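Residue numbers (the working numbering): 77 to 359.
Beta carbons: idealized from backbone N, C-alpha and C, even for Gly.
None of these values were measured; they are calculated from a predicted model.
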Amino acid sequence: RVRIPRDSRVSGAGLSQWVGAALALSGALLQRLARNPLVSPDIIGVSAGATTAAVFAIVALGGTTPAVALSALAGAVGTAFSLYLLAYRRGVDGYRLVLVGIALTAMLGAVTSYLLTRTELTTAQRAMLWLTGSLANRDWPHVVTIASALAVLMPIAFLLARPLALLQLGEDTATALGGRVRLWRTVLLFTSAALAAMATAVAGPIAFVALVAPQIVRRLLRERATGLVASAACGGALVAGADLIARTAFGGSEIPVGVVTGILGAPYLLYLLVRGNRAGRGG
């Protein structure tokens, strides 16, 4: 457990909501793009790419906020396009995307572990604390990073809600209806990767929020809307709630928020897998 001075937190509540909104919106875009509820940036390798690049920035570049943010963005976008190229075969199949993503996640995890073993102990400890996913000891550059990212990327995501709905009908149908499928898919993939990267750069890899929030909204709305705004709001509420638990449920000590989301999110992932097996499909 990590003891966090209470006066070291900068805009903790607002920061947690923004990070959660970015993660949830990233997951909502990916799930609708792949038409698979098991697809999220932390499962298919996008967050792993951002994490590996961010750890490299911490280990090799001193770990300033701009360096970590830019490195995370480059890592997430590079991983997303690698994933797309490897999984594409006359369209993007959800299961192939998950399988390729799991392989990429394993490879990137190995690279991250290698980076940690080749650096000094104090730097490795700093990187390990960041890897748990935490909102503690954040300062104003972190607030500016996530706020700027949301200001740019959220309008893009909302403007592409209609093309996203067409893509859910299938690539052939979307093309027949006059859709610029490849352009839309590229922009949506970049937007999702950038949202996950900026959230990861600010708070570290917070698990399962991108997976769980869109599914909660999907069940509440019963497919009556794309749910992008609702997913962002749900993600913000989830991370804010997990942050509150992390700060108050353990007395004078505080655990990283990523630990709380991992404990709560893993059972939900198992539920989705069991539900998919009973239905004879994956989601």
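Anticipated Cβ contact below 8 Å, G185 with A124, distance rounded
That belief holds up - the Cβ atoms of G185 and A124 are roughly 6 Å apart, short of 8 Å.
Would you check if the distance between the CB atom of W94 and the CB atom of G312 is smaller than 8 Å?
Yes, the Cβ-Cβ distance between W94 and G312 is below 8 Å.
Which two residues bound the contiguous alpha helix (DSSP H) that contains S224?
Taken as a continuous stretch (DSSP letters only), the alpha helix (DSSP H) holding S224 covers W216 to L235.
Just grab the DSSP bridge partners of E196 for me.
Note: E196 sits in no beta bridge, so no partner.
Start and end of the alpha helix (DSSP H) containing G154?
Boundaries of the alpha helix (DSSP H) harbouring G154: T141 to A163, taken from the DSSP string.
Nearest-angstrom Cα distance between T195 and L137?
Our two residues, T195 and L137, have alpha carbons roughly 12 Å apart in a direct line.
Spatial neighbours of Y164 within its chain, please: CB distance less than 8 Å, with the 5 preceding and 5 following residues excluded, ordered by chain position.
Short of 8 Å from the beta carbon of Y164, and not among the five residues preceding or following it, lies no beta carbon of its own chain.
I232 versus R261, G177 and L211, residue with shortest Cα-Cα distance
Ranking R261, G177 and L211 by Cα distance to I232 puts R261 first.
Taking R256 as the reference, which of L236, S268, R323 and A273 has the closest Cα?
If we check each option's Cα against that of R256, L236 comes out closest.
What residue from T324, A316 and R323 has the CA that sits closest to A98's CA?
The shortest Cα separation from A98 among T324, A316 and R323 belongs to A316.
When the Cα of V278 is compared with those of I119, L259, V122 and L149, which residue comes out closest?
The residue among I119, L259, V122 and L149 with its C-alpha nearest the C-alpha of V278 is L149.
Contiguous beta strand (DSSP E) assignments of at least 3 residues, all confined to the region 318-355:
The region 318-355 is shown to contain no whole beta strand (DSSP E) run of 3 or more residues.
How about the region 195-214 and the region 149-160: do they share at least three Cβ pairs that are nearer than 8 Å?
Pairwise C-beta distances place the region 195-214 out of contact with the region 149-160, as fewer than three of them are shorter than 8 Å.
Straight-line CA distance for L345 to A289?
So the alpha carbons of these two residues sit roughly 12 Å apart.
Consult DSSP for P117 and reduce its assignment to one of helix, strand or coil.
Here DSSP, grouped into helix, strand and coil, assigns P117 to coil.
What is the DSSP secondary structure of G308, reduced to helix, strand or coil?
First, the residue type needs correcting, since residue 308 is Ala and not Gly in the sequence shown. The DSSP-derived three-state label of A308 is helix.
Is it a yes or a no for the region 97-116 touching the region 321-335, going by three-plus beta-carbon pairs under 8 Å?
The region 97-116, when compared against the region 321-335, does not touch it at the 8 Å Cβ threshold.
Is the beta carbon of L226 closer than 8 Å to that of M135?
In the sequence as displayed, the identity of residue 135 is Val instead of Met. Contact flag unset, no.
Please classify Q201: does DSSP put it in a helix, a strand, or coil?
In the structure shown, Q201 sits in a helix (DSSP, three-state: H, G or I).
DSSP state of L240 mapped onto helix, strand, coil:
When secondary structure is reduced to three states using DSSP, L240 falls in the helix class.
Beta-carbon within less than 6 Å of L229's beta-carbon, same chain only, minus the 5 sequence neighbours each way: which residues are those?
Excluding positions up to five away in sequence, the list reads T267, A270 and L271.
Does A212 come out as helix, strand or coil in the three-state DSSP assignment?
A212: coil per DSSP, three-state reduction.
R294 by DSSP, collapsed to three states: which one?
When DSSP states are grouped into helix, strand and coil, R294 belongs to the helix group.
Beta-carbon proximity check, G139 vs A145, cutoff 8 Å:
Not a contact, by the Cβ cut-off of 8 Å.
Exposed or buried, V293, counting other C-beta atoms within 10 Å across all chains shown (16 or more means buried)?
By the neighbour-count criterion, in which a residue is buried when 16 or more other Cβ atoms sit within 10 angstroms of its Cβ, V293 is buried.
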